[in-house]
Structure formats: C-alpha cells, structure tokens
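Engineer:
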Amino acid sequence: MRSFSLSTHLSDYLKPTQIIYELKAKDKVQALGELLDVLAKQKLIENKKLLLTRIIDRERLESTAIGHNVALPHARVDTGGDIAVAVGKSKSGIDFDAIDDKKVHIIILVIWNPSLPGLFNHLFAGLAQFLRKDGFRRRLFEAKNKTELLQVLSEVELRLPREDRIISRGSLLEKLQTIEIKMKKAKGSQLKQLKEQANLIRQELDRSLVDRFDRLMKRYGFAVSEVNEGACQGCNINVATGMSSAIEGSNDIYVCENCGKFLVASKKKKK
Numbered sequence: 144m145r146s147f148s149l150s151t152h153l154s155d156y157l158k159p160t161q162i163i164y165e166l167k168a169k170d171k172v173q174a175l176g177e178l179l180d181v182l183a184k185q186k187l188i189e190n191k192k193l194l195l196t197r198i199i200d201r202e203r204l205e206s207t208a209i210g211h212n213v214a215l216p217h218a219r220v221d222t223g224g225d226i227a228v229a230v231g232k233s234k235s236g237i238d239f240d241a242i243d244d245k246k247v248h249i250i251i252l253v254i255w256n257p258s259l260p261g262l263f264n265h266l267f268a269g270l271a272q273f274l275r276k277d278g279f280r281r282r283l284f285e286a287k288n289k290t291e292l293l294q295v296l297s298e299v300e301l302r303l304p305r306e307d308r309i310i311s312r313g314s315l316l317e318k319l320q321t322i323e324i325k326m327k328k329a330k331g332s333q334l335k336q337l338k339e340q341a342n343l344i345r346q347e348l349d350r351s352l353v354d355r356f357d358r359l360m361k362r363y364g365f366a367v368s369e370v371n372e373g374a375c376q377g378c379n380i381n382v383a384t385g386m387s388s389a390i391e392g393s394n395d396i397y398v399c400e401n402c403g404k405f406l407v408a409s410k411k412k413k414k
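In the working numbering, each residue's number is its place in the sequence shown (first place is 1) plus 143.
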C-alpha cells in the first residue's frame, strides 16, 4: 500500500493491474475474493483471509452497495501499508443487497489503515460526488476496456468534506446507537454478538466522530436524532432550511447547531 495525501486523485492509488474489466464472479463473496487476489498479487495486502472475513462481516452489518449499480466495499484493517484500491466490472451484474435492489456492475474495493484519520471521509466524499452523476456512471458502465475504465476513474478527486457535513455513512452511526442501547440489556452470546457489531462500526468511523458519539451517549443517552418537519427531534429546535433539505434522502451525517447531536433524515420521510 502507499500513503495518502490531502490533495490527490483516485488514480494515484489505482494501476491497470488493480482493475478487473470482466469479473468472473457470480456472487458477492466470489467478487470480493477475486478483487483481493489482485491486491495480493501486487503485494498491496498481506492477509487475504483476514480481509475477506472483515469485509464479509461488514457487508452483513449493512450492504456497501450505494445504489445505481455501484458498490463500495471497504475494510479498515491494521495490516500492510496505508491504502489499497481494486476495481471490478461485471457485465451481468452481481447481487449486493443494494438499497435500490439493482445488481452491481461496478465494484470499488478500498482497504485502508486505521492510523489514517479521516481517510474514508476523503474517499467517500470524492467518490460520492462523481458517482451521483448519471453521466459519470454511464461512462464507467460503457468503458470498453480497463484503460478506458481507468481514464474515467482518474477524474475522481479525493477531497475533504465541508466541516458541517461529515461523510461517514449516517446510517452506520444510527445503527451503532441502536446496538449500544440494546447492549445495556443484553447478556451472554447476544451481548457478545452486539459487541462485535459495535466494534466493526467503530473501526470504520473516525476516532473524533466516535469520541463525540460517546460523549453524547453518556450525557443524553442518545447521540443521533432524526429531523422531522424541519426540526431536530433531540431538542425540538428547527434546523437551518438548507441543512434540512440536504439531509433529506442523504446518508451523510450533519450536526444540530443547537444541541450538538448528529442528525439523520426521519425514517418516515425516507419512505
């Protein structure tokens, strides 16, 4: 793996040898294994078995398919160097339990070192900006070979998100809150399982984010609040109109300017 700088592009970590233009895999696990094999051959990872187990556990917790035929599987593991990326394209598509029930045709696998704070924020912010664009996705799907695929991906810039908006998968932080509440009453094997799930989430999120979450949980008993009809349900104070609109349909995390809790869209509104 190679180190990560604050101003860079995805292509700085992606060579043609790390791209599989036609995945042979027919299911999710096979596809992940195929991409990890590529990284192992390039000596960018040290323990394929460990990484595959970690990524599969992460997928069971919540699918990394973000919709629109794209998946961003990832693992934060203290192994090897700093960051490794592999990309696979599937013509027939692979079932990834996507949020829109569509098969995945482009898989971007990212492995990174937990010693790099904010790295996933950079990666996800840059990727999400481009993958939200219909034209960009269409060019990815229509690339005729790995050279064209790499050329399109080379446009992805890895950047810092705005300070009031944390690109860290809001649903994961909300899920962590649910798990932490259940852990207070759980015992035995159930408690052990919940602790493992909580640990997976904590390893993925940045330390500063988790520290803030823990402080809020200790003070209020909950750290994540829904926004319903423009108001934070944690303090019943209206949030800024622009923020309220941005939260709707988003999986990013925002912070209430009044009570400081993390904000996510109301489940009723999501439906």
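Backbone N, C-alpha and C fix where the C-beta goes; we use that ideal spot for every residue, glycine too.
What residue range is occupied by the uninterrupted alpha helix (DSSP H) comprising Leu406?
Structural biologist: Run containing Leu406: none in the alpha helix (DSSP H); it sits in the beta strand (DSSP E), 405–408.
Engineer: Whole angstroms is fine: what's the gap from Ile254's alpha carbon to Ile396's?
Structural biologist: So the alpha carbons of these two residues sit roughly 22 angstroms apart.
Engineer: Check the C-beta distance from Gly231 over to Leu178 and give it rounded, since I have them as a contact under 8 angstroms.
Structural biologist: Indeed they touch by this definition, with Cβ atoms about 5 angstroms apart.
Engineer: Which of helix, strand or coil does DSSP assign to Cys402?
Structural biologist: Looking at Cys402 - three-state DSSP - the assignment turns out to be coil, as it is neither helix nor strand.
Engineer: Under 6 angstroms Cβ to Cβ from Gly373, same chain only, skipping five residues before and after it: list those, please.
Structural biologist: Closer than 6 angstroms at the Cβ level, and outside the excluded window around Gly373, lie Asn381, Ser387.
Engineer: Check for me: the alpha helix (DSSP H) holding Val353 runs from which residue to which?
Structural biologist: 350–363 is the span of the alpha helix (DSSP H), which, as asked, contains Val353.
Engineer: Cα separation between Gly331 and Arg345?
Structural biologist: Their backbone Cα atoms lie some 21 angstroms apart in a straight line.
Engineer: Is Leu352 buried or exposed, if buried means 16 or more other CB atoms sit within 10 Å of its CB?
Structural biologist: That one is buried.
Engineer: Report the residue from Asp244, Ser297, Ala286 whose alpha carbon sits nearest the alpha carbon of Thr151.
Structural biologist: When each option's Cα is compared against that of Thr151, the closest is Ser297.
Engineer: Consult DSSP for Arg308 and reduce its assignment to one of helix, strand or coil.
Structural biologist: Residue confidence for Arg308 is low, a pLDDT of 49 falling below 50, so the modelled location carries little weight and cannot support an answer.
Engineer: Throw me the rounded Cβ distance for the Val247 and Phe273 pair, which I believe falls under 8 angstroms.
Structural biologist: Between Phe273 and Val247 the Cβ distance is about 16 angstroms, and since that is not below 8 angstroms, they are no contact.
Engineer: Can you list, in chain order, the residues of its chain with a C-beta nearer than 7 angstroms to that of Asn288? Leave out the 5 residues immediately preceding and following it.
Structural biologist: Cβ neighbours of Asn288 beyond the five flanking positions: Tyr164.
Engineer: Can you say whether Gln173 is buried or exposed, counting buried as having 16 or more other CB atoms within 10 angstroms of its CB?
Structural biologist: Exposed: under 16 other Cβ atoms inside 10 Å.
Engineer: Measure the CB-CB distance between Ile188 and Leu215 and report whether it falls below 7 angstroms.
Structural biologist: It is not a contact, given that the beta carbons lie outside the stated cut-off.
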